[in-house]
Amino acid sequence: MRAFIVKKYGKKETLHLNNVNAPGINENEVLVQIDSAGVNLLDSLIRNGEFKLFLPYKTPFVNGHDMAGVITKVGNKVSKFKVGDEVYSRVGDFRIGTFAEYIAVNETDLALKPKTISMEEAASVPLVGLTSWQALVEIANLKKGQKVFIQAGSGGVGTFAIQLAKHLGAFVATTTSSTNTTLVKSLGADLVIDYKTQDFATILKDYDVVLHSNREAEILEKSLKILKSGGTLVSLTGPPTAEFAKKIGLAWPFQMLMGLLSLSVRRKAKKLNVNFKFLFMRAEGKQLTEITKLIEAGKIHPIVDKVFPFEQTNEALSYVESSRAKGKVVIKVK
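Residues in the sequence shown are numbered consecutively from 27, following the numbering used here.
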């Protein structure tokens with residue numbers, strides 16, 4: 027099969043299109059012929075080697091985390107899926123490789139593809155959908171009538187999280203550029219802040235939840251200050267915490283290291299009587315099934331900016347890195 031491979035780590039490295047053996051499956055896995063694959067900033071960060079500390083992939087390896095496709099083979103202990111099922115997944119860590127024609131996926135990481143959307147749209151959903159769900163539902167427990175600030179509303183996570191937050195009954199504030207105001211309002215944003223001309227910290231106050239995705243330390247500090255007492259900031263960009271390190275099974279020296287990395291921000295949060303949580307989303311088929319229901323009920327619509335042909339996977343990654351995408355970027359594999 028054809029697959030895009032990381033031969034060595036580095037920001038200036040490109041993925042290499044190679045012919046490799048199709049994966050075998052174990053008793054709890056299915057083999058999926060990939061139709062489309064979602065492209066995420068995470069794919070670039072993995073290629074760059076930024077997560078080698080806790081995701082030490084041995085080169086060469088196939089990159090890619092999101093996909094939609096059709097099951098062609100099932101392991102003998104698989105009970106929820108059959109050959110011919112249309113499925114989608116953010117595949118598990120250490121099982122990545124969706125920039126390829128086939129992939130083996132554990133059945134616990136899979137869900138049936140929503141019937142109401144295309145393969146390309148389905149491939150755009152898993153990582154951003156699960157990130158939004160785990161941040162807003164699992165960690166923050168966002169409730170009807172609460173206020174949530176979702177940063178970068180026109181991005182991949184933002185376009186999904188706004189819709190999920192509105193479904194949950196929250197008041198949603200977001201940041202974007204003026205050119206994307208109409209888009210984020212159409213998704214349900216109640217208050218839109220132009221990050222180029224306005225400072226959200228002077229506009230927002232007493233928020234219950236912040237979904238934080240900016241890498242600037244100043245933005246993180248400002249974001250903590252707009253929370254009400256007892257509020258929660260869920261960060262997708264870090265710094266990672268000891269709690270996170272323990273959850274993913276890292277040894278105590280790594281737990282201590284991450285505790286030190288996040289010490290300053292945790293102290294600031296404690297002083298303000300708010301909660302700081304770091305989220306590195308995980309594969310979760312059950313949650314993806316709940317997301318399928320919302321999509322089929324018309325509560326959430328995937329936003330896809332561009333679909334690239336498989337051969338242009340590197341160009342798709344570059345486009346994601348440019349931060350110009352409105353919603354998600356997808357590659358058409360089949």
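Every residue gets a Cβ at the ideal spot worked out from N, C-alpha and C, and that includes glycine.
Rounded distance between the beta-carbons of G101 and E53, thought under 8 Å
Position 27 of the sequence shown, counting from 1, holds the residue named residue 53. Position 75 of the sequence shown, counting from 1, holds the residue named residue 101. Rounded, the Cβ-Cβ distance is 4 Å, consistent with contact.
For Y233, the nearest candidate out of S212, K296, F186, K169 (CA to CA)
Your numbering for residue 233 matches position 207 in the sequence shown. When each option's Cα is compared against that of Y233, the closest is K169.
Does the distance from the C-beta atom of I229 to that of L217 stay below 9 Å?
Here residue 229 refers to the residue found at position 203 of the sequence shown. Here residue 217 refers to the residue found at position 191 of the sequence shown. In contact: I229 and L217 (Cβ atoms closer than 9 Å).
Minimum length 4: unbroken alpha helix (DSSP H) runs contained in the segment 50–112
67–74
Exposed unless 16 or more other CB atoms sit within 10 angstroms - verdict on K69
As a first step, residue 69 is located in the sequence shown; it is residue number 43 there, counting from the start. For clarity, residue 69 is Asp in the given sequence; the question names Lys instead. Buried, because 16 or more other Cβ atoms sit within 10 Å of the Cβ of D69.
With distances taken Cα to Cα, identify the nearest neighbour of F306 among F125, F175, N44, L153.
As a working note, residue 306 is residue 280 in the sequence shown. Per the Cα distances, L153.
Spatial neighbours of K141 in its chain, beta-carbon cut-off 7 Å, leaving aside the 5 residues before and after:
The count along the sequence shown starts at 1 and reaches residue 141 at position 115. Answer for K141: E322, listed in chain order.
For the segment 237–289, list the alpha helix (DSSP H) runs that are entirely contained and at least 4 residues long, ordered along the chain.
243–251, 268–273, 278–287
At which residues does the beta strand (DSSP E) containing L136 begin and terminate?
One-based indexing of the sequence shown puts residue 136 at position 110. First-last of the beta strand (DSSP E) with L136: 136–138.
From K108, L81, G110, S62, pick the residue whose C-alpha is nearest to that of A94; which is it?
Walking along the sequence shown from the start, residue 94 turns up at place 68. The shortest C-alpha separation from A94 is found at S62.
With 16 as the cutoff for other CB atoms within 10 Å, does V109 come out buried or exposed?
In the sequence shown, the residue the question calls residue 109 occupies position 83. The residue in question, V109, is exposed, as its Cβ has fewer than 16 Cβ neighbours within 10 Å.
The segment 257–275 touching the segment 202–214, judged by at least three CB pairs closer than 8 Å:
no
F187, buried or exposed, once every other Cβ within 10 Å from all chains shown has been counted against 16
In the sequence shown, counting from the first residue as 1, residue 187 sits at position 161. Sequence inspection shows Ala at residue 187; the Phe mentioned does not correspond to that position. Result: buried.
Beta-carbon separation of A215 and A199 under 9 Å?
The residue given as residue 215 occupies position 189 in the sequence shown. The residue given as residue 199 occupies position 173 in the sequence shown. Yes, Cβ-Cβ distance for A215 and A199 is below 9 Å.
If you run the structure through DSSP and keep just helix, strand and coil, what is V163?
On the sequence shown, residue 163 is found 137 positions in, with the first residue counted as 1. Helix, per DSSP.
Bridge partners for V235 per DSSP, in chain order?
If you number the sequence shown from 1, residue 235 lands on position 209. Answer by DSSP bridge pairing, in chain order: V174, T258.
Reducing DSSP to helix, strand and coil, say where P152 ends up.
One-based indexing of the sequence shown puts residue 152 at position 126. Three-state DSSP puts P152 in a helix.
Going by alpha carbons, who is nearest to E112 out of T258, A137, T339, F334?
Translated into positions along the sequence shown, residue 112 becomes position 86. For the residues T258, A137, T339, F334, the minimum Cα distance to E112 belongs to A137.
Member of L262, L250, P49, W159 whose CA lies at the smallest distance from the CA of S290:
In the sequence shown, the residue the question calls residue 290 occupies position 264. For S290, the nearest C-alpha among the options comes from L250.
Integer-rounded CB distance, given that E127 should sit under 8 Å from Q59
Against the sequence shown, residue 59 aligns to sequence position 33. Against the sequence shown, residue 127 aligns to sequence position 101. With a Cβ gap of about 7 Å, Q59 and E127 count as contacting.
Please list the terminal residues of the continuous beta strand (DSSP E) segment that includes I357.
Residue numbering aside, residue 357 sits at position 331 when the sequence shown is read from its first letter. Run containing I357: 354–358, per the beta strand (DSSP E) assignment.
Is the beta carbon of K297 closer than 9 Å to that of T258?
Within the sequence shown, numbered from 1, the residue matching residue 258 stands at position 232. Within the sequence shown, numbered from 1, the residue matching residue 297 stands at position 271. It is not a contact, given that the beta carbons lie outside the stated cut-off.
Would you mind giving the Cβ-Cβ distance between F334 and V359, rounded to the nearest angstrom? I have them listed as a contact below 8 Å.
For the purposes of this step, residue 334 is taken as residue 308 along the sequence shown, with counting starting at 1. For the purposes of this step, residue 359 is taken as residue 333 along the sequence shown, with counting starting at 1. Wrong, their Cβ atoms sit about 10 Å apart, outside the cutoff.
Which partner residues does V300 have in the DSSP bridge list?
Here residue 300 corresponds to residue number 274 of the sequence shown, with the count starting at 1. V300 pairs with nothing; no bridge assigned.
Assigned secondary structure, A199 (DSSP; H/G/I helix, E/B strand, else coil):
Counting from one through the sequence shown, the residue named residue 199 turns up at place 173. A199: strand per DSSP, three-state reduction.
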